[in-house]
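The working numbering applies: residue 24 is where the sequence shown begins, and numbers increase by one. All C-beta atoms in this analysis are idealised placements derived from N, C-alpha and C, irrespective of residue type, glycine included.
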Amino acid sequence: MISIIVTFFRRMNVLLFLAFFSFSLIFILILTILYNINWEQLFNKYHTSLLNSNVYKLMDDMRSKGLTGSLGSEDEEWLRRRANLYGILIRYTDEREQQVWFDMIAESEGVELEKLEPVSYVLRGEITGKVTAAHLVARKNLSPAMIQYQETMRTRLKLIYTSVLVVSLMFSLWIARMLSRHLTLLEEQTNLIRMGKRELNIPIRGPEEVRKLAVTMNGMVKELKKQDDWRQHLMEDLTHELRTPLTSMLSQIEAIQDGIYEPDEERMSEIYEELERLSRLINDMERLSEAESAKFNLNIKRTDMVKLGRRVYENFQPLARNKSIRLTFEGSTVPCFCEVDRDKTIQIISNIVSNANKYNRPGGTVHLSVSCGPDHTYIVCRDTGIGIEEEDLPYIFNRLYRADKSRSRFNSGVGLGLSIVQALVEAHHGEVEAESEYGKGSVFTVRIPNKYTPKDDIE
């Protein structure tokens, strides 16, 4: 039971509602405190104004009756009744306040009073005395006018507080549901991703933080789908390539076991060649796996591309001479720097030059050039080899693809070299293209941006 309650209060919509509603309650509390402080000031100001008004009304009555100087007992009784009617205590003195003719204030000695400044009493255009008014503090809140005023203000205040509370409650519920709705959708989409769904496009809605989270999740889904597709294709290609040598070896071994073939040197040599082919396949698949994952693990540095190309050229010179192939190099005459992974770029150039040597004829040429443009670096490898047929050209970068009709007699690999090149070039956000004329040679062009931009920034 406790865990259910804890889980309920951990929900985002509940937390948001409590947060907004608590803020509203705190706001109302602060408003109440400020109102009470202001209320005391307003009430005292109103009460003082009322006392002044009553004093002037009383003096108007005194002028109407013609009171001046000493008062008789009847005048004193009349004045006392009028003062009580207005809810005040008065002191009536001469102009200098030395002679007291009537004093209700002195009769209330020992009781807390609220006094006003003395007011001149004018009769027939002459100042004949002064009137000082006072009010019992204990009776201030008992005045009918005060009570009515307080009740009116309390009623209005209750109405305002109730309205604010209801509006705050509704607004808090609306905000909580609106914000949590987008998070709930993200949670549902995340569960689908966890279950293996990859064909998802999460809507980019809601607050900015939720939008950024949705964009990040969409990017994550795309990357997961690419990796899943790559693994699936890799397994399909690997299964296809493994089946042929394994089937060949199994059939020969079964024939030897059944006595159909003799286990002579020729048979053992054929089986050994198939085993070597399997070994090369495994090695090439390992290199392709590293190339495909390079996009997640690049060591980017500012590199002199001409110097890098010249290094590969010098490394392949002995191999080219052994095959009687003329290998040449042409570097840019201006500085050519590019933000790349040095080792991966060497692998790109090496694979292209290796292919050009492998599928060339004795006496042929291979020309490697490196040039630099405003935004890209270009690596071009041109050979006079056997070329590639037009129908095979669109597929040469596919994994494990070999144009067997044109290259079978030169082929000692399993068709992964150009796949590795393409994977590494794409990891640098570059492009690789191939042009070829069957029987005359091929041209491979690699274009890599001079400034490396992480994939997240590109998207």
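For S93 and K153, what's the separation of their Cα atoms in angstroms? So the alpha carbons of these two residues sit roughly 13 Å apart.
Assumed close pair L39, L202 - CB separation to whole angstroms, cut-off 8 Å
Yes, L39 and L202 are in contact; Cβ-Cβ is about 6 Å, under 8 Å.
What number of angstroms, rounded off, separates the C-alpha of P286 from the C-alpha of E296?
-> Their Cα atoms are separated by approximately 15 Å.
Identify whether I471 lies in helix, strand or coil by the three-state DSSP scheme.
It is a strand residue.
Q. Quick one: what's got a C-beta closer than 7 Å to R333's C-beta in the same chain, skipping five residues either side?
A. The residues F352 and G354, in chain order, have a CB closer than 7 Å to that of R333 in the same chain once the five nearest residues on each side in sequence are set aside.
Exercise for the section: Between the Cα of K249 and those of K220, A237, V233 and G229, spot the shortest distance and give me the residue it belongs to. Expected result: Comparing Cα-Cα distances from K249 to each of K220, A237, V233 and G229, the minimum goes to K220.
**Prompt:** Do you know how far the Cα of P477 is from the Cα of M272?
**Reply:** M272 and P477: Cα-Cα distance of roughly 47 Å.
Item checked: Beta-carbon spacing of V335, V376 below 8 Å -> For V335 and V376, yes; Cβs fall inside 8 Å.
How is S274 classed by DSSP in three states: helix, strand or coil? Helix.
- Task: Assign I150 to buried or exposed, taking buried as 16 or more other Cβ atoms, counted over all protein chains shown, within 10 Å of its Cβ.
- Result: Flag for I150 reads exposed.
- Item | Distance, I279 Cα to C361 Cα | For C361 and I279, the distance between alpha carbons rounds to 58 Å.
Practice item. Below 7 Å CB to CB, which residues in the same chain sit around F339 once its five sequence neighbours on both sides are set aside? Key: These residues qualify, in order along the chain: L350, V376 and N380.
**Prompt:** If you draw a straight line from the C-alpha of R384 to the C-alpha of P341, how long is it?
**Reply:** Whole-angstrom Cα-Cα distance: 16 Å.
- Task: Inspect the CB distances between the region 395–413 and the region 449–462 and report whether three or more fall short of 8 Å.
- Result: Because the criterion of three Cβ pairs below 8 Å is met, the region 395–413 and the region 449–462 touch.
List the whole-angstrom C-beta distance separating F467 from V455, where the pair is believed to meet the contact cut-off of C-beta under 8 Å. Taking a contact as a CB-CB distance under 8 Å, the pair F467 and V455 counts as one, their CB atoms being some 7 Å apart.
Could you give the distance in angstroms between the alpha-carbon of S435 and the alpha-carbon of Y382?
Low confidence applies here, because S435 scores a pLDDT of 44, under 50, leaving its location unreliable and the question unanswered by this model.
Requested in this report: Under 8 Å by Cβ, that's how I've got N421 and D364 pegged, so tell me the actual separation to the nearest angstrom.
Outcome: Rounded, the Cβ-Cβ distance is 24 Å, inconsistent with contact.
*Verify whether the separation of the beta carbon atoms of L441 and I419 is less than 8 Å.*
The criterion of a C-beta distance shorter than 8 Å is satisfied by L441 and I419.
Can you give me the Cβ contacts of Y475 inside the same chain, cut-off strictly under 6 Å, excluding the 5 residues immediately before and after it? Cβ within range, chain order: I323 and E362.
Between the region 45–63 and the region 80–93, do three or more beta carbon pairs fall short of 8 Å?
Contact between the region 45–63 and the region 80–93 is not established, with fewer than three Cβ pairs separated by less than 8 Å.
If you count every other CB in all the chains shown that lies within 10 Å of the CB of I28, and 16 or more means buried, which is it? Taking every protein chain shown into account, the CB of I28 has fewer than 16 other CB atoms within 10 angstroms, so this residue is exposed.
Quick one: grab the DSSP three-state call for Y115.
Of the three classes helix, strand and coil, the one that applies to Y115 here is strand, per DSSP.
Determine the extent of the alpha helix (DSSP H) in which G354 is found, giving its start and end residues. In the DSSP assignment, G354 falls outside any alpha helix (DSSP H) and lies within the beta strand (DSSP E) extending over R349 to G354.
C395 - partner residues in DSSP beta bridges:
Per DSSP, T400.
Expressed to the nearest angstrom, what Euclidean distance is found between the alpha-carbon atoms of D126 and I113? Separation of D126 and I113 (C-alpha to C-alpha, rounded to the nearest whole angstrom) is 6 Å.
query = T388 and I348: beta carbons closer than 8 Å?
reply = Closer than 8 Å, so yes.
For G464, tell me which candidate among A450, G396, H390 and S394 has the shortest Cα-Cα distance.
Here the closest residue by C-alpha is H390.
Report task. Identify which residue in Y109, G110, Y115 and I111 has its Cα closest to the Cα of E99. Result -> Considering only alpha carbons, the answer is Y115.
Considering only residues of the same chain and omitting the five flanking positions on each side of A106, which have a CB-CB separation below 7 Å? If we look at A106 and ignore the five residues flanking it on each side, its Cβ neighbours are L81, L112, I113 and M127.
| field | Assigned exposure category for A42 - 16 Cβ within 10 Å defines buried | value | A42 is exposed by the Cβ-count criterion.
Among residues of its own chain, excluding the 5 on either side of V238, which ones have a beta-carbon nearer than 7 Å to its beta-carbon? Annotation for V238: I227 place their beta carbon closer than 7 Å to its own, counting only its chain and skipping 5 residues before and after.
**Message:** Run through the DSSP bridge pairs and tell me what S459 is partnered with.
**Reply:** Partner(s): S465.
| message | Can you tell me where the alpha helix (DSSP H) holding R105 begins and where it ends? | response | If you look at R105, you'll find it in the alpha helix (DSSP H) that goes S96 to Y109.
- Task: Would you tell me roughly how many angstroms separate the C-alpha atoms of V469 and C359, rounded to the nearest one?
- Result: V469 and C359: Cα-Cα distance of roughly 15 Å.
| task | Kindly indicate which three-state DSSP category T368 falls into: helix, strand or coil? | result | T368 carries a helical assignment under DSSP once its states are collapsed to helix, strand and coil.
Query raised in the report: CB-CB under 6 Å to T407, same chain, minus the five flanking residues each way: which ones, in chain order?
Result: Excluding residues within five positions, the ones whose Cβ falls inside 6 Å are G387, T388 and G464.
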